[in-house]
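**Q**
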Amino acid sequence: MPRLRRTPFAHIGHGPKWWYWFAAGCALGVALAGWAPAMPLAFAVVAAQVGHFLLRERRAAAFSVQVPLAFLVLLALGLWGPLEVIHWLVLAGTWIRLVFDYCPLARIMSLAPWNREVPLSWSVVTRTFLAPPARGQFLLRAAPARWAARKRSHD
Numbered sequence: 086m087p088r089l090r091r092t093p094f095a096h097i098g099h100g101p102k103w104w105y106w107f108a109a110g111c112a113l114g115v116a117l118a119g120w121a122p123a124m125p126l127a128f129a130v131v132a133a134q135v136g137h138f139l140l141r142e143r144r145a146a147a148f149s150v151q152v153p154l155a156f157l158v159l160l161a162l163g164l165w166g167p168l169e170v171i172h173w174l175v176l177a178g179t180w181i182r183l184v185f186d187y188c189p190l191a192r193i194m195s196l197a198p199w200n201r202e203v204p205l206s207w208s209v210v211t212r213t214f215l216a217p218p219a220r221g222q223f224l225l226r227a228a229p230a231r232w233a234a235r236k237r238s239h240d
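My numbering applies: residue 86 is where the sequence shown begins, and numbers increase by one.
#1: Look up R192 in the DSSP assignment and say whether it is helix, strand or coil.
#2: Closer than 7 Å by C-beta to A129: which residues in its own chain qualify, once you throw out the five before and the five after it? Chain order, please.
#3: May I have the straight-line CA-CA distance separating P218 from F185, to the nearest angstrom?
#4: Hey, V175 and L160: beta-carbon distance below 9 Å or not?
#5: Can you give me the start and stop residues for the alpha helix (DSSP H) that P217 sits inside?
#6: Alpha carbon to alpha carbon, how far is T213 from H137?
#7: Roughly how many angstroms lie between the CA atoms of A121 and H172, to the nearest whole one?
#8: Could you give the distance in angstroms between the alpha-carbon of L157 and the alpha-carbon of V131?
#9: Have a look at L117, A123, Q134 and G119 and flag the residue whose alpha-carbon is nearest the alpha-carbon of P101.
#10: Return the chain-ordered list of same chain residues with a C-beta closer than 7 Å to the C-beta of A112, the five sequence neighbours on each side being excluded.
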């Protein structure tokens with residue numbers, strides 16, 4: 086099947102996820118620029134995103150719920166002084182997601198044991214992080230050909 090060509094930046098403004106992340110990125114950016122009341126706004130926007138997708142998916146294990154939930158945890162951890170650098174990292178990741186449609190947090194979450202069906206290996210990690218942005222979920226369901234061949238030879 087031929088691969089569909091993606092138009093660069095066609096994802097911008099497309100769908101509720103993008104707008105949730107945009108609002109969260111703006112609020113977090115303003116908070117880090119010095120306007121403290123924007124931090125609770127960032128929490129509220131992401132909490133609303135979690136609630137929205139929890140209602141839509143009807144299960145907390147849905148990937149569209151897991152990623153913003155992990156984002157909330159990172160925001161909370163960043164409130165502790167020694168870990169405030171986390172806020173800068175998630176801000177950078179949010180804007181990478183918004184501009185390039187590449188979500189570092191989603192890729193990290195896809196490597197969690199409950200989100201993949203293949204063993205964790207360097208090839209899985211590199212394939213996860215080096216794969217170009219793609220529409221939809223990229224959870225690791227199929228084993229890489231090399232791993233599948235190795236497994237067959239050991240059976």
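Virtual Cβ for every residue (Gly too), placed ideally from N, Cα, C.
**A** With the structure as the only source:
#1: helix
#2: none
#3: 8 Å
#4: yes
#5: Premise fails: P217 is in no alpha helix (DSSP H) and is neither H nor E.
#6: 27 Å
#7: 13 Å
#8: 7 Å
#9: Q134
#10: A123, L126, A127 and V130
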